[in-house]
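Written below as structure tokens is the structure these notes are about.
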Amino acid sequence: MKILLVSGEEHSYVSERVAESRHIVVNKKALTLDCVDGYIAEHCPTYDVALITDGALSANPDENEADLALLADRRCKAVVLTRDFCMEAPDSVIKIFVSEWARAVHEDFDNALGLYQPQAPAEKAEKRKWGFKPKKTPEADEPLTSANIDRTSSRAIVFTGHRGAGVTSTAVNVALSAVSRKLKTILVDLDTDYRAVNLYFGEFGTQADEDDSISSSLIRLLAQPHKYDTYAVNADGLWLTSLGYDFADEKLLQQHLTETKLNGLITALRHSFDLIILDFPLDNLAKNTAVLSNVDLIALCMENNIYSAFTTIRNITVGLSDSSDIAYLVSKSKIVVTKFNDEALYDGEPIMPERLGELIVNEGFCDEITTEMPLAGNIPYDKRFDRQIESDVAVIHTDNLMKQAYDGILLRLLGAVR
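Residue 304 is where the sequence shown starts when you use our numbering, and the numbers rise one by one after that.
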């Protein structure tokens, strides 16, 4: 089959995977979705189907929809291989194939292209080298959309993990994903040592510098949680509360940052918000274990390497001396892999994200942890991930692959998809 490959910066990688399946890529030039219509008009290439992957898409779903509509108007046969489970085809001539892998493997390309040709006899599957796929459930073939989000009740989710594990970045981007889905969301920064919300949202830092009530936003909200519209900051639809860098009254902080006031804050915010996200490092959470009973879920952030997994569990066991607290935390936790590294190994085997829960149990990191924690998703590592603080623009707004990853994590945490 002759393929017009539309993969953007993924062109080389996808070309190799397509070649493994004996398909021929007709274009040597890397194409993005917004330029493919012009390329077809100018070069009139001969091909059987256009294969479009996430590397060719922009971060704006409306632009992608419009560009696909142009191809549909030309009656160009095309299949989109994507992780965006919310994408819809504008016409029957455009097929959508959703992959749940972090990075597509050649079986995905075979299956996607198979939408336009009879399926070849199945061969013995090769060992997968890229990405991850969640364990199959009876519902695994159901459409993955946000339509099943329960909007009738408020959710409170703690994002936690050892320091440096990407907890704040994950909490920020998942919160922004929720806002894009019209969920009224507040991000509560309980990292009172580093106060990283000031880095991710310059607007909060600026207001905190100019207004003492915003610099002490978290303290004031703990004292009067019903006044979120006075003491929290609204940054493009996302409500934020933290401490400014200039706030230094440790006595006042200790007076208000108590388990009783934290539970009161969560309970009060449930009346005003669809989603409450608490950025709560493990060492701080361990001092406020009573909060565990008042939240719906815990997103346990770690990288897919033994050091990160061991450090996470070590922080849990050292901080939570009571085995019942450890068991309770684990029962409410889902693992979020914050910087997926496809070269991470253990005993010579790749550490795929879904393997972390198994390793934690089987390697005896903690005697009290005997049940595997499920996976909420993973975030592929990219250099642009680290630039979002400097640019003051969250990566979810600039990178389509990252957006899809955070969207998937949100929906799995909310139980909309498995």
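Ideal placement from N, C-alpha and C gives every residue a C-beta, glycine not left out.
Remember, predicted model here, so these are calculated numbers, not experimental data.
Can you tell me the Cα-Cα spacing of residue i and residue j, whole angstroms?
| i | j | result |
| --- | --- | --- |
| D376 | D599 | 46 angstroms |
| N597 | P528 | 16 angstroms |
| Q558 | Y534 | 18 angstroms |
| F668 | R617 | 8 angstroms |
| D413 | V321 | 8 angstroms |
| R378 | Y342 | 15 angstroms |
| V339 | L704 | 20 angstroms |
| V536 | I517 | 8 angstroms |
| F550 | L502 | 15 angstroms |
| N587 | V594 | 11 angstroms |
| V696 | S611 | 27 angstroms |
| W542 | A415 | 40 angstroms |
| E319 | V382 | 18 angstroms |
| L716 | P683 | 18 angstroms |
| S315 | L374 | 23 angstroms |
| P653 | I663 | 15 angstroms |
| E513 | L371 | 47 angstroms |
| E313 | L384 | 12 angstroms |
| K332 | G417 | 24 angstroms |
| R466 | V475 | 15 angstroms |
| S395 | S636 | 40 angstroms |
| E323 | P656 | 25 angstroms |
| L648 | N608 | 7 angstroms |
| S457 | F613 | 33 angstroms |
| E345 | A369 | 20 angstroms |
| Q645 | A468 | Per the sequence shown, residue 645 should be read as Asp rather than Gln. Cα to Cα, the separation comes out at about 17 angstroms. |
| K439 | R658 | Low local confidence applies: a pLDDT of 41 at K439 is under 50, so the model's placement there is unreliable, and no value is given. |
Within the same chain, show all residues whose beta-carbon is closer than 7 angstroms to that of residue i, passing over the 5 residues directly before and after it, in chain order.
| i | result |
| --- | --- |
| I712 | V477, V639, A679 and G680 |
| N330 | L307, L308 and P348 |
| V470 | F462, T463, G464, D582, P584 and C604 |
| K706 | A362 and I699 |
| N367 | L336, L360 and S361 |
| T620 | I629 and C669 |
| T592 | L623 and D628 |
| V317 | L308, S310 and T356 |
| R498 | D492, S545, L546 and Y548 |
Start and end of the beta strand (DSSP E) containing residue i?
| i | result |
| --- | --- |
| I452 | First-last for I452: undefined, no H or E at that position. |
| S257 | Here the chain comprises residues numbered 304 to 721, so residue 257 is not present and cannot be evaluated. |
| C604 | L600 to M605 |
| L581 | L578 to D582 |
| F462 | R458 to T463 |
| I692 | Premise fails: I692 lies in the alpha helix (DSSP H), Q691 to S694, not in any beta strand (DSSP E). |
| G680 | L678 to P683 |
| I489 | T488 to D492 |
| N566 | Taken as a continuous stretch (DSSP letters only), N566 belongs to no beta strand (DSSP E), being part of the alpha helix (DSSP H) at E562 to L572. |
| I544 | Per the sequence presented here, residue 544 reads as Thr, with Ile not at that position. Taken as a continuous stretch (DSSP letters only), the beta strand (DSSP E) holding T544 covers L541 to T544. |
| L354 | V352 to T356 |
| V383 | A381 to T385 |
By Cβ distance below 6 angstroms, which residues in the same chain neighbour residue i in space, the five residues on each side in sequence not counted?
| i | result |
| --- | --- |
| M304 | H326 and D351 |
| S626 | E671 |
| I397 | L371, A375 and A381 |
| A538 | F504 and E506 |
| A459 | I569, I579, V598 and D599 |
| A708 | I682 |
| G508 | N501 |
| P677 | K637 |
State yes or no: is the C-beta of residue i within less than 8 angstroms of the C-beta of residue j?
| i | j | result |
| --- | --- | --- |
| D710 | S361 | no |
| E675 | G660 | yes |
| A511 | G540 | no |
| K642 | E693 | no |
| L560 | L524 | no |
| D492 | V482 | no |
| L632 | I601 | yes |
| I522 | L568 | no |
| S520 | T544 | yes |
So, for residue i: in the same chain, excluding its five sequence neighbours on each side, which residues have a beta-carbon less than 8 angstroms away from its beta-carbon?
| i | result |
| --- | --- |
| S634 | T674 |
| I399 | V382, V383, T385, M390, E391 and A392 |
| L354 | I306, L307, L308, V309, S310, V317, V321, A381, V382, L384, F412, A415 and L416 |
Counting along the chain, where does the alpha helix (DSSP H) carrying residue i start and finish?
| i | result |
| --- | --- |
| P364 | P364 to D376 |
| D515 | D515 to S518 |
| A322 | H314 to E323 |
| K398 | Where K398 is concerned, there is no enclosing alpha helix (DSSP H), although the beta strand (DSSP E) it sits in stretches over I397 to V401. |
| A538 | Not the alpha helix (DSSP H): A538 falls in the beta strand (DSSP E), residues V536 to A538. |
| I306 | Unbroken run through I306 is the beta strand (DSSP E), K305 to V309; no alpha helix (DSSP H). |
| T614 | I609 to G622 |
State yes or no: is the beta carbon of residue i nearer than 8 angstroms to at least one beta carbon in chain B?
| i | result |
| --- | --- |
| D577 | In the displayed structure, chain B is absent; only one protein chain is listed. |
Can you determine whether any heavy atom of the ligand PLP sits closer than 7 angstroms to the C-beta of residue i, and answer yes or no?
| i | result |
| --- | --- |
| I682 | This structure does not include the ligand PLP; it has no bound ligands of any sort. |
Validate contact between the stretch 574-587 and the stretch 483-496 using beta carbons, cut 8 angstroms, 3 pairs
Yes: at least three Cβ pairs fall under 8 angstroms.
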